[in-house]
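Here the numbering used here runs 1143 ahead of the position in the sequence shown, where the first position is 1.
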Amino acid sequence: MSYVRYLQCRLCGQTYEAKPLAACESCWAPLEVVYDYGRIWSDLRREEIAQRPANLWRYRELLPLEEDPQVGLHTGFTPLVSASRLARALGIREVYLKNDSVNHPTLSFKDRVVAVALNKAREFGFDVVGCSSTGNLANAVAAQAAAGGFKAFIFIPADLEAEKIIGTLVYGATLVKIEGNYDQVNRLCSEIAQKYNWGIVNVNLRSYYAEGSKTVGYEVAEQLGWRLPENIVVPMAGGALITKIRKAFDELQKLGWVEQAAPRFFGAQASGCSPITTAAKAGTSEIVPQKPKTIVKSLAIGNPSDGYFASEAIRASGGAGEDVTDEEVVEGIQLLAETEGIFAETAGGVTVAVARKLIRDGRLNSNESVVLVITGNGLKTIAAVSGAVRESETIRPKLADFEDVFLGSPTEATA
Ligand SMILES: *Cc1c(COP(=O)(O)O)cnc(C)c1O
Ligand SMILES: [Zn+2]
């Protein structure tokens, strides 16, 4: 029932049967799922998609499942919000927010990739799944594994936010906290995937998992009325999301579902972990690994596995990579919340703050429109803003106290 032809190495082009495989066996580059677009084109019209339920499976022909999905049935099709107050604050004609801070079930874009990966895990016969994670992936794997009846092992750096740790444990997953950064956690996870017959979503299920990110691109295009955006700002950790949104836009053009267009990709990182934007700024795709030091833990991958391709996507599109300080991240979170009523996590603060910087510098054209991809929910990174929000006073339960403290004085208030 699937339209998958094979897996193909992004670098050397070698093809593989669609099996659980971590990377190309000769050059270790990521493997890309290749579809039979001719058959999709003749079998499916975009009008048919519009009739389907509002979740990511409305694009199932472009996803690598052989059977009907069993888990993650309500994930995806998050709102695309027209954000005129934020646009005015940023000084640009039009802003749209792709709001994955309300994705089902764990409030981040990672629910998409996990929905695809766990269905694939079931097809391959894995009973145990797992991941290495900077937080949101841990939440998504733990929740969807619980709902799908899998046993889950989750590997994280020990210093993650409390919300992300509790938001993993509550689902009954086995959480392995590791003294080390994400890159060290990921290395251990690869060893474990090799030794045990487990489905590790971002190791041996990676090529399927990453396909879930394409649905952000399909949804943005569909929600814009089957049109590609002029500009899009995407936060980057490993660099898969931005690469896959590019693939989604390419596929939609190939299928003739959108007009040919040349959207510019802007990649966003925190300055304290900016291997991809550093490369993009230097005009190269060669990534020099960094040791992360930032409050933006969800994006803190110092040696990003799709970094090369992310930088390439940015540069080929005529966009740019940019990064912002932790202070600017907090301002970005507050600006988004105060103008649009959306509370994003630190990665969302990165996206908004990078957009602001690009618009100020004239690198994002103020006469154009831009889509900002908001990937996670602010309730998961409370500490980032707890020192920045205005303190409120506690009063006695008396009208006079309220007027004194909050309205200045009683006479003024009634005058
Ligand atoms: C994982 C993550 C990203 C980036 O994903 P990559 O595909 O690794 O670049 C962005 N935002 C949030 C909140 C994430 O958790
Ligand atoms: Zn290869």
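Built from N, CA and C at the ideal position, the CB exists for glycine as well.
Sorted by chain position, which residues of the same chain lie with C-beta nearer than 7 Å to Ala1558's C-beta, five sequence neighbours on each side aside?
-> Below a pLDDT of 50, predicted positions are generally treated as unreliable, and Ala1558, at 45, falls in that range; no measurement from the model is reported.
Alpha carbon to alpha carbon, what distance is there between Leu1478 and Ala1556?
-> Its pLDDT being 48, under 50, Ala1556 is placed unreliably by the model, and nothing is read from it.
Those residues which DSSP pairs with Cys1416 across a bridge | Ala1413
From which residue to which residue does the alpha helix (DSSP H) around Tyr1180 run?
-> Tyr1180 to Asp1186
Whose CA, out of Glu1306, Arg1228, Leu1348 and Gly1215, lies closest to the CA of Glu1175?
-> Leu1348
For Ser1276, the nearest candidate out of Arg1330, Phe1269 and Arg1265 (CA to CA) = Arg1330
Would you tell me roughly how many angstroms separate the C-alpha atoms of Glu1394 and Glu1402, rounded to the nearest one?
-> 12 Å
Do Thr1358 and Leu1501 have their C-beta atoms within less than 9 Å of each other?
-> no
Near Gly1360, which residues of its chain fall below 6 Å by C-beta distance, leaving aside the five closest residues on each side in sequence?
-> Ile1388, Ala1391 and Phe1392
Tell me whether Leu1164 counts as near ligand 2, meaning its Cβ is closer than 8 Å to at least one heavy atom of that ligand.
-> no
Would the C-beta of Leu1154 count as close to ligand 2, meaning under 8 Å from any of its heavy atoms?
-> yes
Taking the alpha carbon of Ser1448 as the point to measure from, which residue in Lys1424, Ile1385 and Ile1476 has its own alpha carbon closest?
-> Ile1385
Contact test: Ser1441 Cβ vs ligand 1 heavy atom, cutoff 8 Å | yes
Closer than 8 Å: is that where the CB of Gln1412 sits relative to any heavy atom of ligand 3?
-> As far as ligands go, the structure on display features ligand 1 and ligand 2 and does not contain ligand 3.
Mind reading off the beta-carbon distance from Ser1113 to Ile1235? Whole number of angstroms is fine, and I expect it under 8 Å.
-> Nothing about residue 1113 can be read from this structure; the chain reaches only from 1144 to 1558.
Would you say Asp1449 touches ligand 1, meaning its beta carbon is less than 8 Å from a heavy atom?
-> yes
DSSP three-state call for Asp1469: helix, strand or coil?
-> helix
Any heavy atom of ligand 1 closer than 8 Å to the Cβ of Ala1380?
-> yes
Mind checking which residues open and close the alpha helix (DSSP H) that includes Val1256?
-> Lys1253 to Phe1267
Give the DSSP bridge partners of Glu1536, in chain order.
-> Per DSSP, none; premise fails for Glu1536.
Under 6 Å Cβ to Cβ from Thr1482, same chain only, skipping five residues before and after it: list those, please.
-> Arg1228, Leu1229 and Ala1232
At least three beta-carbon pairs within less than 8 Å, the segment 1488-1505 to the segment 1437-1447 = yes
CB-CB under 6 Å to Ala1172, same chain, minus the five flanking residues each way: which ones, in chain order?
-> Cys1152, Arg1153 and Leu1154
What's the call for Val1559, buried or exposed, on a 16-neighbour Cβ count within 10 Å?
-> Residue numbering for the chain in the displayed model covers 1144 to 1558; residue 1559 lies beyond these limits and cannot be assessed.
Are the segment 1508-1522 and the segment 1244-1251 in contact at 8 Å, needing three or more beta carbon pairs?
-> yes
Where does Ile1476 sit, in a helix, a strand or coil, going by DSSP?
-> helix
If we count Cβ pairs, one from each stretch, closer than 8 Å, do we get three or more for the segment 1522-1540 versus the segment 1405-1423?
-> no
Where the beta strand (DSSP E) through Leu1297 begins and ends | For the record, residue 1297 in the displayed sequence is Ile; it is not Leu. Per DSSP, Ile1297 belongs to the beta strand (DSSP E) from Lys1294 to Pro1300.
Helix, strand or coil at Phe1452 [DSSP, three-state] = helix
What residues are listed by DSSP as bridge partners for Ile1321?
-> Pro1300
Is the beta carbon of Leu1303 less than 9 Å from the beta carbon of Ala1281?
-> yes
According to DSSP, is Val1516 helix, strand or coil?
-> strand
Ligand 2 heavy atoms versus the CB of Ser1169: any closer than 8 Å?
-> yes
What did DSSP end up calling Leu1250 once you bin it into helix, strand or coil?
-> coil
Identify the residues that DSSP records as bridge partners of Tyr1149: which are they?
-> Val1177
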